[in-house]
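Following: one structure in structure tokens, then a few remarks.
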Amino acid sequence: MTAATGEDARAFEFTGTWRDYAPIAFTNLLLSIVTLGIYTFWARARTRRYLWGHTRFIDDRLEWTGTGKELFVGYLLAFLVVLLPLGIVNFVVQGVLMRGHPGAAATMTTVLTGMGFYLLGVARFRALRYRLSRTRWHGIRGGSDRQGFAYGVGYMIATTVSAMTFYLMLPWSMVRMWNERWSAMSFEIGRAHV
């Protein structure tokens, strides 16, 4: 077996160089600074287009079809649906605590923390699902038919178990969640654009 044959046998290969990417990175940085961070979403899309376009899997390059506008709208929705309500609830908890109800404040904080871990798990699943839904290989779109709600419960449980064992179970929980997330993903012909 020659070195060339071994090299050709790799499933993944990245053909980009820092010299090719440097103009993209510097332009992204400059535009992100000038727009006070708003261009960051378009910068991510541009970076992914470069990285995916220079990544070969088996015998074909990957293709990124996502846009900066999608990332921006997704961020706004996450802010309005998740972060803003959590911030409001945090102010309510502080008000309850200041009125002399530490038990109620502790209960609300526990529930809020649990919701935060749950939503973080759902967000991690859906972020991977989104990236794969905008990735094409051989013209086939990736993704998952699952929404990630069950993954959020599993993530919350694995995080709790890990914390209760002083993070001795952290490797177990990370591997478990990694396997669960990737087992739900696939590339299928005719997959709907999620």
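Note that the working numbering has the sequence shown beginning at 131, numbered continuously upward.
From the three backbone atoms N, C-alpha and C, an ideal C-beta is built for every residue, glycine too.
Please report how far the alpha carbon of residue i lies from the alpha carbon of residue j, in whole angstroms.
i	j	result
Val223	Val164	38 angstroms
Leu206	Ile287	28 angstroms
Leu250	Ala152	32 angstroms
Met245	Arg229	24 angstroms
Asp150	His184	10 angstroms
Would you kindly report the start and end of the unbroken beta strand (DSSP E) that includes residue i?
i	result
Thr185	185-187
Gly204	Element bounds for Gly204: not the beta strand (DSSP E) but the alpha helix (DSSP H), 198-208.
In the DSSP assignment, find the unbroken alpha helix (DSSP H) run with residue i in it and report its ends.
i	result
Thr290	279-294
Asp190	It is not in any alpha helix (DSSP H) - Asp190 instead sits in the beta strand (DSSP E) that spans 190-194.
Gly246	232-263
Ile163	148-164
Ile270	From DSSP, Ile270 is part of no alpha helix (DSSP H) but of the beta strand (DSSP E) over 270-273.
Measure the beta-carbon distance from residue i to residue j and round it to whole angstroms, keeping in mind my assumption that it falls under 8 angstroms.
i	j	result
Ala278	Arg256	Rather than Ala, the amino acid found at residue 278 in this sequence is Gly. Going by Cβ atoms, the distance from Gly278 to Arg256 rounds to 5 angstroms, so yes, they are a contact pair.
Ile270	Phe202	That pair is no contact at about 27 angstroms.
Ala236	Arg276	Contact flag wrong, Cβ pair sits at about 34 angstroms.
Looking only at DSSP bridge pairs, what is residue i linked to?
i	result
Phe142	Phe187
Exercise for the section: Decide yes or no for the touch test of the stretch 251-265 against the stretch 298-306: beta carbon pairs closer than 8 angstroms, at least 3 of them. Expected result: Put simply, the stretch 251-265 does not touch the stretch 298-306. Fewer than three CB pairs are less than 8 angstroms apart.
Practice task
Determine, using beta-carbon pairs with one atom in the stretch 193-200 and one in the stretch 152-168, whether at least three such pairs fall under 8 angstroms.
Solution key: The answer is no - the stretch 152-168 does not touch the stretch 193-200, with fewer than three Cβ pairs under 8 angstroms.
Exercise for the section: Take every Cβ of the stretch 272-286, pair it with every Cβ of the stretch 210-222, and state whether three or more of those distances are shorter than 8 angstroms. Expected result: Contact annotation: the stretch 272-286 does not touch the stretch 210-222, with fewer than three C-beta pairs closer than 8 angstroms.
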